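Residue numbers (UniProt numbering), protein chains in the order written: chain Y, 1 to 146; chain L, 1 to 156. Working notes, structure below.
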Amino acid sequence: MESKHVHEQIAAMRQSFFNEEVLNENFSQLEQLEGKDNPNFVEEVFTMYLRDSIAFLETIEEAMKTIPIDSIKMDSILHQLKGSSASVGANKVLKEVNKTRQVLGKGNLERTKASILELRKEYDSFKAKLEPYFQLKQANSVAQEK
Amino acid sequence: MAHTLPSSDQSSDQDKWDSGGLECKGQLLIKIVMRNRLTALVVDGDTTCWVLEQELLHSYGVQTLGVDNSRDAVDLIASDAEFNLIIIEKILPVLNGLEVTRQICEIGVRCKMLEVTACSGESERQAFLAFGVDVFIEKPLDPEHLVPILRELDGQ
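Structure follows, in structure tokens:
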């Protein structure tokens, strides 16, 4: 009964991510690559993604402090962040990356700064939502093994 | 530095090959039965993408080797390593993807080459195609684009 409740909770959390467009169908593709040979694949990928994304964001934030801004370097980092965000299905993060690249391309410094702040907020929100989901999945998985 | 994706299930993959083919797992992934074991080189500096692309290929029974920079990719090809498929990202450490593509083609490699990148303009797309890339795909690499290519390489 308890296990069924946890399953329902996990399923509800997952569905809410799609309903709120936090995740898109690329996340479903990722899930399909997980199997009994690699039961924690999705969580491992997300751990990698979150770790690398924060490094990218911190690099971008530091780069914004230098004058003049190295927009080529920044765009290169945003390109990588776009690729990894698209690959894991991080929909809202991806949209903010695209917005940031657009304003960066137009050379508007103030709007770029504002956009990077929004991107960072979206990343933090994404992490705050996904981490409890994976923790619950992990805890449930451990409980089921017992 | 060249990397390999550790195959956690090589023995069961071997059993499946011995029985005549390898079917792709999963429901959303397009199912195909491969007659041959193909090989692929994945060149991508981003760890997340690198791991995902290799796992997708692996799910179709493709043996993969991954490198995270262009220098290792060129050195590998120059040392006569052969692959059925090479997947290259546009932005790479050391040399960019376009330069890597050019050098690989200069060496004389004639396998299928895919450019899988986050985004690019039409002029860059044309430049990659002119240098020898066969297909240009926007990330993420997905079964809809990959399966027809694997079928072609498998002679289906």
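A virtual CB, placed ideally from N, CA and C, is assigned to each residue, including glycine. Only a predicted model underlies this, so the values are computations on that prediction, with no experimental measurement involved.
**Message:** Looking only at its chain, what residues have a beta carbon closer than 6 Å to the beta carbon of Arg101 (chain Y), apart from the 5 residues adjacent to it on each side?
**Reply:** Residue mapping note: residue 101 (chain Y) aligns to position 101 of the first sequence, counting from 1. Taken in chain order, the residues that qualify are Leu78.
**Asked** For the beta strand (DSSP E) that contains Gly114 (chain L), what are its first and last residues?
**Response** Counting from 1 along the second sequence, the entry for residue 114 (chain L) is found at position 114. Looking at the sequence shown, residue 114 (chain L) is not Gly but Leu. Note, Leu114 (chain L): beta strand (DSSP E), 112-117.
**Prompt:** CA-CA distance, Glu110 (chain Y) and Gln80 (chain Y)?
**Reply:** Here residue 110 (chain Y) corresponds to residue number 110 of the first sequence, with the count starting at 1. Here residue 80 (chain Y) corresponds to residue number 80 of the first sequence, with the count starting at 1. So the alpha carbons of these two residues sit roughly 23 Å apart.
**Asked** Quick check: the stretch 61-81 of chain L against the stretch 91-102 of chain L, are there 3 or more CB pairs under 8 Å?
**Response** yes
**Interface flag, Leu130 (chain Y) vs chain L, CB-CB below 7 Å** = By one-based count along the first sequence, residue 130 (chain Y) stands at place 130. For Leu130 (chain Y), the answer is no, since every Cβ of chain L falls outside 7 Å of its Cβ.
**Straight-line gap, Leu33 (chain Y) to Val42 (chain Y) (C-alpha atoms, nearest Å)** = Numbered from its first residue, the first sequence carries residue 33 (chain Y) at position 33. Numbered from its first residue, the first sequence carries residue 42 (chain Y) at position 42. Cα to Cα, the separation comes out at about 8 Å.
**Asked** In chain order, what residues of the same chain lie with their CB nearer than 7 Å to the CB of Ser87 (chain Y), ignoring the 5 residues before and after it?
**Response** What you label residue 87 (chain Y) is simply residue 87 of the first sequence in a count that begins at 1. So the list reads Asn26, once near-sequence residues are dropped.
**Item:** Rounded C-alpha distance that separates Glu8 (chain Y) from Leu56 (chain L)
**Value:** Here the question's residue 8 (chain Y) lines up with position 8 in the first sequence. Here the question's residue 56 (chain L) lines up with position 56 in the second sequence. The alpha-carbon atoms of Glu8 (chain Y) and Leu56 (chain L) are separated by roughly 28 Å.
**Request:** Spell out whether any CB of chain Y is found under 7 Å from the CB atom of Leu29 (chain L).
**Result:** Within the second sequence, numbered from 1, the residue matching residue 29 (chain L) stands at position 29. Yes, its Cβ sits closer than 7 Å to a Cβ of chain Y.
**For Ile69 (chain Y), the first and last residue of its enclosing beta strand (DSSP E)** = As a position in the first sequence, residue 69 (chain Y) is number 69, starting the count at 1. Run containing Ile69 (chain Y): none; DSSP gives neither H nor E here.
**Asked** Within 7 Å (strictly less), CB to CB, does Asp46 (chain L) reach chain Y?
**Response** Start at 1 with the first residue of the second sequence, and residue 46 (chain L) comes out as number 46. True, the Cβ-Cβ gap to chain Y drops below 7 Å.
**Request:** Classify Gly155 (chain L) as buried or exposed, calling it buried when 16 or more other Cβ atoms lie within 10 Å of its own Cβ.
**Result:** Taking the second sequence and counting its residues from 1, one reaches residue 155 (chain L) at position 155. Answer is exposed; the Cβ neighbour count stays below 16.
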